[in-house]
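Asker: Quick one: this structure, given as C-alpha cells, is what I'll be asking you about.
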Amino acid sequence: MMDIFITGIGWVCETSMGYKDNVTAFDGKNSLPSICREDVFKEPYKPFGRMDYFSKLGVSAIVFAMQDANLYSMNKMDKKNRQSASKNTAIIASSSTGCLETDMKYQATINPENNTLPSPALFAYTLPSCFLGEASILYGLTGESFIISEEKTTGMTGLGMAVDLLVSGTTDMALCGINNSGINHLLDESDFIKPGSVFFVLEKQKRESAQNYGQLSSNSLDNCFYYEDFAIDSLYDLAQKCLKRKI
Amino acid sequence: MEGRKALKNSVYITQAKAITALGPDLDGLYDGLLKPATGISRVNRFETKECISPYAALVDDLENKNGRSFIFDLSDRLIDQLYGIDKDSILITASTKAGIDLLEKHENSSQKIAPQVFPSSLPSYISDKLKLDHSGFNINSACASSTIAVAQGASLIKMGHADTVLICCMDIISEFTFSGFSALQAMSAVPAQPFDKNRQGLTLGEGAAAIVLMSQKRVDELNLDPLAQVCSWGIANDASHITAPARDGRGLQLAIENACTQAKILPSDIGAFNTHGTGTVYNDLMEIQVIKALFPDKNIVANSIKGAIGHTLGAAGGIEVALCVKMLENKTMPGTVGFTDPEENSQNIFSSQSQPFRGEYILTTNSGFGGTNAAIIIKQVNR
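In order, the protein sequences belong to chains A and B.
Position in the first sequence (from 1) plus 343 gives the number in the numbering used here.
Position in the second sequence (from 1) plus 6 gives the number in the numbering used here.
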C-alpha cells in the first residue's frame, strides 16, 4: 500500500483567498473577488496583469498551494529559505465552466455590430488550459498538464489521474485542483457549479519542510478515495477535511 | 496505493475511425493522402473577408440544423462508424472548443447560455447515444488534447482501471476560432505548406476520430485481432511561452525521450514520424531542431498531414493516431502536401511523395498553446 501525501492547499473562493485558514464558501451564492497582483505576489509579476480572470483564479490558487507547501515564493528575500518544486510536476485541473466569460468577451470583439477587431490577446485565453501553461512558466514545471471537463465535476476524476501519475512514477509531484469561474447567472441549471479555485500539492514522499495535512489512500473494491479513513466525494470536501484537521 | 499499482498491461487499438475534409472515413483519408489530394478549399460557412485567409479544410455537408452545433452532426457521424462498444467502456472526449459556434447565436448578456457550448456536453451526448455505464469526461490541452486523451486512456488500461476506453475527439471550423487564428497572425494566406521554406502559417481544418483501446484480457475475451498497440507515450511542457513553442523544442524532445524510455527503445528504432507540422514558421523550425537532436543520422521518414486536411486542433492527435495505424499496416507514410521547397535540414526526411519505412514503431506528436507537447509510439501487432 502506498500513501500520497497532501503537502499544500491553496484557494480562491467567494469569501476568502490564500492558504492555511479554513475555506469558508464554495457555494455560488456570492460573486468571486477581484484578484490583484498584490494579493498573490509580493513583487511585480508582469504576466499576471495580462491574464484573463479564469487564469488569474487558477494561477492564484496554485501559487497559494505552492507557498503552503513551502516550495516557492515570489518574494525573492524568501527564496533561499525555500525548496523549489521538482520540474517534473504535473498539473491536472477540473472545470465545469472553462473560460466561458473570456469566450463571451472575445465573441463580442468579432460581432460586426460592435465595430471592433478580433482581439488576439483575448483569443489566446479562450483555451481553458492556458492557465496551466502560465503556472508551468511561473515555476518552470515540465510535467504534463491538462483540463478535465465534466458536467458536474467533483474533481475526483482528476484526482485519480494525478495519483496514477505519482504511483506510476511518471511525475515526482502533482498539482491537482478545480477551477470554475462565477458564471452561474448565465446558466439555467448551475447549482452543481461551485465558483472558485482550489488546488492541492500531492507528493509520493513525505518532505520535512512541507505541510503535512495527512494521507490519501484508495480502495480497489469501491474505487473510492479516503482521507484519514473518511471517504471523500469532492476536492471541496477534501479541502474542508484537511483544513479542519489542521486546526 | 492499494488498487492503483502499476500493471504491465498491454494496450491495443481495436478500432480506428476518422472523418476529415478528405472523406467520411479513415480509408478515404489515407487514400486521399497517398494520391496526394487536398481537402482545403474556400470557406463558405461564414464571411472571411476580414481574415488573413479564405481557406480551411471543411468536412463535406456538415449540418447545424434546428439550432444544433456542427459538432453534434460530426459526433453522430463518428458514432455511426463504431460497433460493439462495451457498456463498461470509459469514454474520453477531446475537443478544444466543442459547440462554440452556438455562442455566435447568443444575442445578449441576459440570455442564458446553451449547455452544449461547454466541452463537457460532448461526453454526455456520446455516452447517452452509446448507452454507456459511465458519462465520461473531456480532456483539453490545446492542440495536444486528443494525443493526451489517447495517452490517458492507455494509462487507465495499463493501471488496471479499465478494459475498454473509447476516445472520441473532434473540433469544428467556427467563425470564433477562424477569426482568432487570423488575429494571432498564425494563419497562412495560401493553403498551409508544412516544412516548406515559403510557409506562412497554418490552415484550419475540422474533423473527428475515434480510437478504441482494449486490454489484453478484453481482446482475448472477445477473440479480436487488434490493429496495433499503443506502446508508450510521453507528455511534457515547454514552460516557455503561452502561444509560441520553445525555439529549441525542449518540451517536445522531453516528451519523445520519455516515450522512448517507457517503450525501452531508442529513437533510432522508430521507423516513421508523423509530426505536428502546422506550417507556422516557428512550430516547424522547432520540430526540425528536435529531429536533428533525436535522429542525427536522419535515418527516419517524417510527414505532416496538415497541408491536406488543415490543423484540426483538438482532433488532430486522434486523427493522426488513427492514420498511424494505416501507415503501420501498409508500411507507407503519405507525403506532405504543400512541401515543395524544403526548409533547411528537412530534405531527405520529409517528402511530397509517399515514403516506405522500416521497423515496427511509428511516432506521432502534437504541441499546443500553453507549451504542451505529447508523443505516442504505436507498435505494429504481428498477426
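For every residue, glycine included, the Cβ atom is placed at its ideal position computed from N, Cα and C.
CB B/A321 to CB B/A22, shorter than 9 Å?
Answerer: By 1-based counting over the second sequence, the position of residue 321 of chain B is 315. By 1-based counting over the second sequence, the position of residue 22 of chain B is 16. The answer is no: Cβ separation not under 9 Å.
Asker: If the cut is a Cβ gap below 8 Å, which residues of chain A does B/L190 touch?
Answerer: The residue given as residue 190 of chain B occupies position 184 in the second sequence. Within chain A, the residues near B/L190 are P463, F466 and A467.
Asker: For B/R83 and B/L64, which I take to be in contact (beta-carbon distance under 8 Å), what is that distance rounded to the nearest angstrom?
Answerer: Against the second sequence, residue 83 of chain B aligns to sequence position 77. Against the second sequence, residue 64 of chain B aligns to sequence position 58. Wrong, their Cβ atoms sit about 13 Å apart, outside the cutoff.
Asker: In this structure, what does DSSP give as the bridge partners for A/M360?
Answerer: Within the first sequence, the letter at position 17 stands for residue 360 of chain A. Answer by DSSP bridge pairing, in chain order: A/V355.
Asker: If we require 4 or more residues per run, which alpha helix (DSSP H) segments fall completely within the segment 178-209 of chain B?
Answerer: 181-189
Asker: Could you name each continuous alpha helix (DSSP H) segment of 4 residues or more that falls completely within the segment 86-162 of chain B, going from the start of the chain to the end?
Answerer: 127-136
Asker: With respect to the beta strand (DSSP E) encompassing B/K385, which residues constitute its N-terminal and C-terminal limits?
Answerer: On the second sequence, residue 385 of chain B is found 379 positions in, with the first residue counted as 1. It spans T378 to Q386 - the beta strand (DSSP E) in which B/K385 sits, taken as one unbroken run.
Asker: Closest Cβ-Cβ distance between A/F489 and chain B: below 9 Å?
Answerer: Indexing the first sequence from 1 puts residue 489 of chain A at position 146. For A/F489, the answer is yes, since a Cβ of chain B falls inside 9 Å of its Cβ.
Asker: Select from the segment 501-516 of chain A all residues with a C-beta closer than 7 Å to any C-beta belonging to chain B, and list them in chain order.
Answerer: Cβ contacts with chain B: M504, V506, D507, V510 and S511.
Asker: So, with DSSP's three-state summary, where would you put B/T20?
Answerer: Within the second sequence, numbered from 1, the residue matching residue 20 of chain B stands at position 14. Of the three classes helix, strand and coil, the one that applies to B/T20 here is strand, per DSSP.
Asker: Along the chain, which unbroken stretches of the alpha helix (DSSP H) at least 4 residues long are found entirely within the segment 472-499 of chain A?
Answerer: 473-482
Asker: In terms of alpha-carbon separation, which member of B/D169, B/P125 and B/E53 lies closest to A/I491?
Answerer: Taking the first sequence and counting its residues from 1, one reaches residue 491 of chain A at position 148. The shortest Cα separation from A/I491 among B/D169, B/P125 and B/E53 belongs to B/P125.
Asker: Closer than 9 Å, Cβ to Cβ, to anything on chain B: give me those residues from the segment 468-481 of chain A, in chain order.
Answerer: When CB distances to chain B are screened at a threshold of 9 Å, the residues of the segment 468-481 of chain A falling below it are Y468, T469, L470, P471, S472, C473, F474, L475, G476, E477, S479, I480 and L481, in chain order.
Asker: With distance defined between alpha-carbon atoms, name the residue in B/R48, B/T267 and B/A314 nearest to A/T513.
Answerer: As a working mapping, residue 513 of chain A is identified with position 170 in the first sequence. Among B/R48, B/T267 and B/A314, the Cα nearest to that of A/T513 is on B/T267.
Asker: Who does B/M176 pair with in a DSSP beta bridge?
Answerer: Taking the first residue of the second sequence as position 1, residue 176 of chain B is located at position 170. DSSP lists B/A214 as partners of B/M176.
Asker: What residues are listed by DSSP as bridge partners for B/M339?
Answerer: If you number the second sequence from 1, residue 339 of chain B lands on position 333. Answer by DSSP bridge pairing, in chain order: B/Q361.
Asker: Which residues in the same chain as B/D347 place their Cβ atom closer than 7 Å to its Cβ, once the five residues preceding and following it in sequence are excluded?
Answerer: Along the second sequence, one-based indexing puts residue 347 of chain B at 341. The residues are D202, K203 and N204.
Asker: Select from B/L88, B/D134 and B/A252 the residue whose C-alpha is nearest the C-alpha of B/Y288.
Answerer: Residue numbering aside, residue 288 of chain B sits at position 282 when the second sequence is read from its first letter. Of the listed residues, the one whose Cα sits closest to B/Y288 is B/A252.
Asker: By Cβ distance, which residues of its chain are closer than 6 Å to A/M525, with the 5 residues on each side in sequence left out?
Answerer: Position 182 of the first sequence holds residue 525 of chain A. The sequence given here has Gly at residue 525 of chain A, not Met. So the qualifying residues of the chain are S374, L375 and P538.
Asker: When the Cα atoms are used, what is the spatial distance from B/D107 to B/F184?
Answerer: The sequence position of residue 107 of chain B within the second sequence is 101, counting from 1. The sequence position of residue 184 of chain B within the second sequence is 178, counting from 1. Whole-angstrom Cα-Cα distance: 11 Å.
Asker: Looking at the C-beta of B/L233, does it have a partner C-beta in chain A at a distance below 9 Å?
Answerer: By one-based count along the second sequence, residue 233 of chain B stands at place 227. For B/L233, the answer is no, since every Cβ of chain A falls outside 9 Å of its Cβ.
Asker: Strictly below 9 Å CB to CB, what residues from chain A border B/N204?
Answerer: By one-based count along the second sequence, residue 204 of chain B stands at place 198. None at all; the shortest Cβ gap to chain A is about 24 Å.
Asker: Does any residue of chain B have a CB that is nearer than 9 Å to the CB of A/Y449?
Answerer: Here residue 449 of chain A refers to the residue found at position 106 when the first sequence is read from its first residue. So yes, A/Y449 belongs to the interface.
Asker: Does the segment 239-249 of chain B touch the segment 473-493 of chain A, meaning 3 or more C-beta pairs lie closer than 8 Å?
Answerer: yes
Asker: Quick check on A/L529 - is its C-beta less than 9 Å from some C-beta in chain B?
Answerer: Here residue 529 of chain A is taken as the residue at index 186 of the first sequence, counted from 1. Interface residue, yes.
Asker: Examine the ligand MG and report whether any of its heavy atoms sits within less than 8 Å of the Cβ of A/E551.
Answerer: For the ligand MG, the structure offers nothing, since it holds no ligand at all.
Asker: Please classify A/M420: is it buried, with 16 or more other beta-carbons within 10 angstroms of its beta-carbon, or exposed?
Answerer: Position 77 of the first sequence, counting from 1, holds the residue named residue 420 of chain A. Interpretation of A/M420 is limited by its pLDDT of 48, a score under 50 that renders its predicted location unreliable; no figure is taken from the coordinates.
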